[in-house]
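To start, the structure itself, in structure tokens.
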Amino acid sequence: MKKAIVLLMLGASLASCTATEQGAGIGAASGAVIGGLATGNVRGAAVGAAIGGVSGALIGSVAEQPGQCYYRDRYGRRYVDDCPRGYR
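Under mature numbering (1 follows the signal peptide of the UniProt record, and there is no 0), the letters of the sequence shown match residues -19 to -1, 1 to 69, in that order.
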């Protein structure tokens, strides 16, 4: 029952956030879990949370820009530009 209440409160706290904030929160939480499990220590969890938070925020920021897509150039760098016509 306690776990259900914690999950309900977590979901309610994310409900009022922007897509960028939601992406950062979810990315940080999942990155911390994965980093902690992979390394077995707090340092790995902290690094995972940092990487996950930044990645989630980047993905969330694009979600707030309708009609914008992620692309990669030939050097592997990511950039955001208008999506092709008819793309949803």
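All C-beta atoms, glycine included, are put in the ideal place defined by N, C-alpha and C.
Asked	Found
Of the residues Tyr56, Gly34, Ala38, the one placed nearest Thr(-2), counting alpha carbons only	Ala38
Beta-bridge pairing of Arg24 - partner residues as DSSP gives them	For Arg24, which the question treats as bridged, DSSP gives no partner whatsoever.
Identity of the residue in Gly21, Val35, Ile(-15) nearest Ala9 by Cα	Val35
Where Gln49 falls: helix, strand or coil (DSSP)	strand
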